[in-house]
Structures are given as structure tokens and as C-alpha cells.
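Down below is the structure, laid out as C-alpha cells.
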Amino acid sequence: MTGKVVATAAEAVADIGDGAKLAVGGFGLVGIPDTLIAAIAEGSATGLEVFSNNCGVDGHGLGVLLAAGRIARVTASYVGENKEFARQYLAGELEVELTPQGTLAERLRAGGVGVPAFYTPAGVGTPIADGGLPWRYNTDGSVAVASPPKETREIDGREYVLEKAITADFALVHAEVGDTEGNLVFNKTAMNFNPLAAMAGRITIAEVERLVEPGEIDPARVHLPGVFVQRVVHSGPQEKRIEKRTVRPASEEARR
Numbered sequence: 029m030t031g032k033v034v035a036t037a038a039e040a041v042a043d044i045g046d047g048a049k050l051a052v053g054g055f056g057l058v059g060i061p062d063t064l065i066a067a068i069a070e071g072s073a074t075g076l077e078v079f080s081n082n083c084g085v086d087g088h089g090l091g092v093l094l095a096a097g098r099i100a101r102v103t104a105s106y107v108g109e110n111k112e113f114a115r116q117y118l119a120g121e122l123e124v125e126l127t128p129q130g131t132l133a134e135r136l137r138a139g140g141v142g143v144p145a146f147y148t149p150a151g152v153g154t155p156i157a158d159g160g161l162p163w164r165y166n167t168d169g170s171v172a173v174a175s176p177p178k179e180t181r182e183i184d185g186r187e188y189v190l191e192k193a194i195t196a197d198f199a200l201v202h203a204e205v206g207d208t209e210g211n212l213v214f215n216k217t218a219m220n221f222n223p224l225a226a227m228a229g230r231i232t233i234a235e236v237e238r239l240v241e242p243g244e245i246d247p248a249r250v251h252l253p254g255v256f257v258q259r260v261v262h263s264g265p266q267e268k269r270i271e272k273r274t275v276r277p278a279s280e281e282a283r284r
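The number in my numbering is simply the position in the sequence shown, starting from 1, with 28 added.
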């Protein structure tokens, strides 16, 4: 197989250097590019800026890079399952920009299609628009860097806030099926942020569980066309982990 296929994950991420901006697909632990993240962890790149729905959990996903002190800044929507994330943020070791989930999704998509900014009602009348959110703390707990106010505008009698598009040096995504030209199919909820992250990357690297030749994917089933993908790595099946396992006591009838 040739096309855009790279032999190993290590080779695919070899040019990700210090300070690189990464758009990373996945939602919680669903559809995250574990193989590519592990390859970056094996390298030396540090000071990374990450755009992702969340930052993994302790010891898994982006949490691996976070624990190693390799991430300097995160733009995300949800960070509640990672204790090390909270520790670094509150200790002033990590800069964090929280943004509404739908806004993050549209910022990534806008970056991918060349739209520099857009207006949205999400966040109007809150610190998202007014500024003042703590991006980084000092070690004494005071705010070192706060979010600036954003431009707002009234359109047809409703107020909107201007949000800028996101573009990244690299995008890392995970797909169930991909062909050698980078056409991708995502599995169920792994469709979440993966296509959007892929669109936002200048160089998009896709790890795929099953690698096929061009033409083996029905064109009508392609979720992301290969024009957005520059490198493909065959990772094999991904471990399907559960982020939070919740159980209830078995009923008396079930115990019989």
C-alpha cells in the first residue's frame, strides 16, 4: 500500500516539534487517537498547545502528555475527569481556555473551511464574551492571565459574540476505516470531534483500525474526504475503554 500511508506512528509524528499546535479528535475516551498520542509521548516535543473537547483522563489519552508536562496550553470544553489537569491549572503550570462545546466545534470547522470568524449567541452576557475568565493562575492562586473581552454585535435585535476560527499545525484523529488516500469512516459516536479536528489541521494524521485500498469504501459512506488528510497510519483495533463505569445493586430476582 502506498498513497498517504506512513509505516509507523513514530514516523508520522516525527516533525511535531516544541510549541506545535495540535487539534485532537475524540470525546471523552471515544475515538481518541491513542496510537499517535503515545508516539508523541515517546518523542521529545514539549510546550504543546492543544485544541480538543477534553484532555483525556489520568494516564490515558491526552492525559499521558499532560502528566509528562508536555502540554502548555489547552482550549477545551470539558476537563472534569482529570485530576492532574486540575492540579496543573490551579498551580499555574497550565494555561486553559474554556469554550462552549458547540462554539469549539464551529471554531474548528470554520478553520477548516477558511472562515476566519463567526458570530454566535452562545456566551453572550457571560465571562465568555465579557472577559475575565482565568486562563492561567499564579502559584499563589491569583490570576496571572485573564481572558480578554470579545467583540459583540446586535443583529436583527439579538446580541451575538464574535468567535475566531481555530487552525492547528497538526491534527490527530482516529477512524474505524480509512483507505490509502485518506478517506475516512468513523464508528458511531467517534464521529464527534474527529472530522472537525481533521479539517482544522494544516497537516492531518489519521490512525485507522482497518486500512483498505481506494474504492473499497462506498463513496456514500465516507465521513471525511481524503483532501483533509495528509498521513495515514494503520493502528489496528483500538481498546474500547469506559470513562466512568456506573453500576447498581442487582435486584433480588437477578440474584436467584
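Each residue gets a CB set at the ideal place from its N, CA and C atoms; glycine is no exception.
- CA-CA distance, Ala150 to Ala35, rounds to 43 Å.
- Sequence-distant partners of Phe146 (beyond 5 residues in either direction) whose C-beta falls short of 7 Å from its own C-beta, in its chain, are Glu134, Ala138 and Glu191.
- For Arg276, no beta strand (DSSP E) run applies, since DSSP gives it neither H nor E.
- C-alpha of Arg249 to C-alpha of Phe214: approximately 10 Å in a straight line.
- It is roughly 19 Å from the alpha-carbon of Val275 to the alpha-carbon of Gly56.
- Assignment of beta-bridge partners to Arg259 by DSSP yields Ile233.
- Between Thr148 and Val189, the beta carbon gap of about 6 Å places them in contact (Cβ cut-off 8 Å).
- Excluding the 5 residues flanking it on each side, Ala119 has same chain C-beta neighbours closer than 8 Å at Tyr165 and Thr167, in chain order.
- For Val78, the uninterrupted beta strand (DSSP E) segment begins and ends at Leu76 to Phe79.
- In the pairwise beta carbon analysis, the segment 240-258 is classified as touching the segment 202-216: at least three pairs are separated by under 8 Å.
- Rounded to whole angstroms, Leu50 and Glu187 show a C-alpha spacing of 32 Å.
- Listed as beta-bridge partners of Ala174 by DSSP are Pro162.
- In the structure shown, the three-state DSSP call for Lys49 is strand.
- Remark: fewer than three beta-carbon pairs, one from each stretch, lie closer than 8 Å, so the segment 93-113 and the segment 223-243 are not flagged as touching.
- Restricted to the segment 88-123, the alpha helix (DSSP H) segments that are unbroken, complete and at least 4 residues in length are 91-95 and 111-118, listed in chain order.
- Contact between Val141 and Met227 holds, since their C-beta atoms are separated by about 7 Å, short of 8 Å.
- In its chain, beyond the 5 residues on either side, Thr208 and Val260 have a beta carbon closer than 6 Å to the beta carbon of Val33.
- Judged by DSSP secondary structure, Asp62 falls within the alpha helix (DSSP H) whose first and last residues are Asp62 to Glu70.
- One alpha carbon belongs to Gln266, the other to Glu77, and they sit about 25 Å apart.
- Within the DSSP secondary-structure output, Thr180 pairs in a beta bridge with Val189.
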